[in-house]
Amino acid sequence: MIISMPILARRLLKTFIFFFVVFVIGRLSSPYYYDVISINTANDISGFIHGNIYAEEVDNIYFYINFSMTIFISLFLCFCLSKIFSLTFKKWRG
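And the structure:
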C-alpha cells in the first residue's frame with residue numbers, strides 16, 4: 057500500500073495536534089474530579105471493582121475518571137477542530 061506524502065503529512069499533523077490537545081487539557085484539568093464524583097460514589101465504585109475500599113483504590117478510580125474525561129474532551133475538541141479546518145480550507149480553495 058502506497059501512501060502519498062500529503063496524506064501522510066496530514067495524518068501526522070492530526071496525530072501531533074491530538075497529542076498536543078491531550079497534553080494541554082491534561083495540564084489544565086484538576087488532578088482529581090471531586091466536583092464530578094463524590095467520595096462516597098468513588099468508594100462505591102472502588103468497592104464494586106476492587107472488592108475493597110482503600111485509599112489507593114479510590115485514588116485509582118479518580119485517575120480512571122480523570123483519564124477518561126481528558127480523552128473524551130480531547131477527542132471532541134480534535135473532531136471540532138478538524139471540521140473547522142476542513143470547512144475553512146474548502147471555502148478558501150473555492
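Residue 57 is where the sequence shown starts when you use my numbering, and the numbers rise one by one after that.
Each residue gets a CB set at the ideal place from its N, CA and C atoms; glycine is no exception.
Contact under 8 Å by Cβ, residue i with residue j
i, j, result
"V77", "L133", "yes"
"V114", "N99", "yes"
"I101", "I117", "yes"
"I73", "L137", "yes"
Host alpha helix (DSSP H) of residue i (start-end)
i, result
"G103", "I95 to H106"
"V92", "Per DSSP, V92 belongs to no alpha helix (DSSP H) and is neither H nor E."
Where residue i falls: helix, strand or coil (DSSP)
i, result
"S60", "coil"
"M110", "Contrary to the premise, residue 110 reads as Tyr rather than Met in this sequence. Three-state DSSP puts Y110 in coil, outside helix and strand."
"S85", "coil"
Nearest neighbour of residue i, chosen from the options [CA to CA]
i, options, result
"G82", "S130, F135, Y110 and P62", "S130"
"N122", "F75, K139 and S85", "S85"
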